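Engineer: So that we are looking at the same thing, I have put the structure below in structure tokens.
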Amino acid sequence: MLKPPTRTSYHTNPRHLLLASQIFQQFLLHRASSSSTACQIWPCSHPSHRFPTCHFHNHHEAAHRALVQSGSVFASRPPALETSRILFSNQHTLTTAPYGSLWRLLRRNFISVTHPSRLHLYSHGRKWALEILKKKLVEEAESSDEKAFPVIGHFQHAMFCLLAYMEDCVQEDVETAFTDSWRSRNVLLPLIKARREKHKNIINKEEPIFSYVDSLLDLRLPDGEREFLDGELVSLCSEFINGGTDTSTTTLQWVMANIVKQENIQNKLLKEINTVTEAGSEIQEKDLKRMPYLKAVVLETLRRHPPGHFILPRAVTEDMKFDGYDIQRMQW
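If you count the sequence shown from 1, position 219 lands on 219 in the UniProt record's numbering, and the numbers rise without skipping.
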């Protein structure tokens, strides 16, 4: 299993691998996570006439050399399976698009929305979503006979609404968008169309735009300066929801678990809150800059309980040699 790459060809029938390739890749990920070898290389299943070579790096020095020192070379994505092409609109998303004009456009737009220097522009949207979350939690607490109840669904609902100010979304629609990739189109598309109409009114009134969907509606693809199709918008919204919500809710769960378990953390946080806010008042976003201990709790949680143990797969933009191995550029 562990051996240097060879030039041996692997011929197979691609139709038999559409499902098996996904299962085999999960097996390889498990083997990579349980090994201490800095760099392991073996053939990875893929629905093509030849198995591409997959490189799994589980050592920080190798990862730094690849992703930081050679980041521009490792900036692309591998060709997707046929099923992934269908689900992600022929790889028209930030996490699946190959390195090129489309990838640069999506990355530049995403950074413009999430960059710390611009977060204050979206404070109204975050406050609006927070009020929705608080309302849901209060309603659940008042209607439940149990002292404890699950909250992850309410976190997902708030993040879903934050995506595009989807005031008319309901809890069942949110659950569908998270759990059913096929039915999520039926949930997201009507909301996107409604937001498109509202977006026109916002532009006419020259009001500031706060949502991620609004930023996508303003983009024009490099090939022909066309707008994103409905299916592509659904894929981009699904990417935002699945990538941003699961990681945030998972981290928040670990934060709360550690706070409940260790009362000394509770006391220190309460002391810091009382220092920066008046009694009975809510914490404002401007107060967060004066709360270093809260930031330390979040960062330590991310260090001890990372929401994702693997980064997205990368592909090289040109042929190169890395740690003695020849890595070839994948053909599209």
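Cβ coordinates follow ideal geometry from the N, Cα and C atoms, glycine included.
Please read these numbers as outputs of a predicted model, since none were measured by experiment.
Excluding sequence positions up to five away, which residues of its chain have a Cβ less than 6 Å from the Cβ of His49?
Structural biologist: At His49, the pLDDT of 41 sits below 50, so the modelled position is not reliable and the matter cannot be decided from this model.
Engineer: According to DSSP, what are the bridge partners of His199?
Structural biologist: For His199, which the question treats as bridged, DSSP gives no partner whatsoever.
Engineer: Candidates Asn267, Glu272, Gln91, Glu61: which alpha carbon is nearest Gly231's?
Structural biologist: When each option's Cα is compared against that of Gly231, the closest is Gln91.
Engineer: Beta-carbon separation of Leu229 and Asn109 under 8 Å?
Structural biologist: Contact flag unset, no.
Engineer: Applying the 10 Å Cβ sphere with the 16-neighbour rule, what's the burial state of Gln156?
Structural biologist: With 16 or more other Cβ atoms within 10 Å, it is buried.
Engineer: Helix, strand or coil: how does DSSP classify Lys147 here?
Structural biologist: Three-state DSSP puts Lys147 in coil, outside helix and strand.
Engineer: Within the same chain, show all residues whose beta-carbon is closer than 7 Å to that of Thr277, passing over the 5 residues directly before and after it, in chain order.
Structural biologist: Excluding sequence neighbours, Thr277 sits near Ile283, Asp287.
Engineer: Assuming the contact rule is C-beta atoms closer than 8 Å, Thr95 and Leu312 should be a hit. Round their C-beta distance to whole Å, please.
Structural biologist: With 8 Å as the limit, Thr95 and Leu312 qualify as a contact, their Cβ atoms being about 5 Å apart.
Engineer: With DSSP run on the structure shown, which of helix, strand or coil describes Tyr325?
Structural biologist: Correct three-state label for Tyr325: strand.
Engineer: At the level of alpha carbons, what is the spacing between Leu119 and Gly324?
Structural biologist: Approximately 43 Å, taken between the alpha carbons.
Engineer: Using three-state DSSP, classify Ala158 as helix, strand or coil.
Structural biologist: In this structure, Ala158 counts as helix in the three-state DSSP scheme.
Engineer: Count the CB pairs spanning the stretch 127-146 and the stretch 244-260 that are closer than 8 Å, and state whether there are at least three.
Structural biologist: These segments do not touch.
Engineer: When we look at the beta-carbon of Ser33 and count the other beta-carbons within 10 Å, is it buried (16 or more) or exposed?
Structural biologist: Note that Ser33 scores a pLDDT of 43, beneath 50, so its modelled location is shaky; the value from the coordinates is reported in the next line. Classification for Ser33: exposed.
Engineer: Of the choices Val297, Ala279, Gly244, whose alpha-carbon is the least far from that of Leu269?
Structural biologist: Nearest option by C-alpha distance: Val297.
Engineer: Apply the 10 Å Cβ neighbour rule to Pro79 and answer buried if 16 or more other Cβ atoms are within range, or exposed otherwise.
Structural biologist: By the neighbour-count rule (16 or more Cβ atoms within 10 Å), Pro79 is buried.
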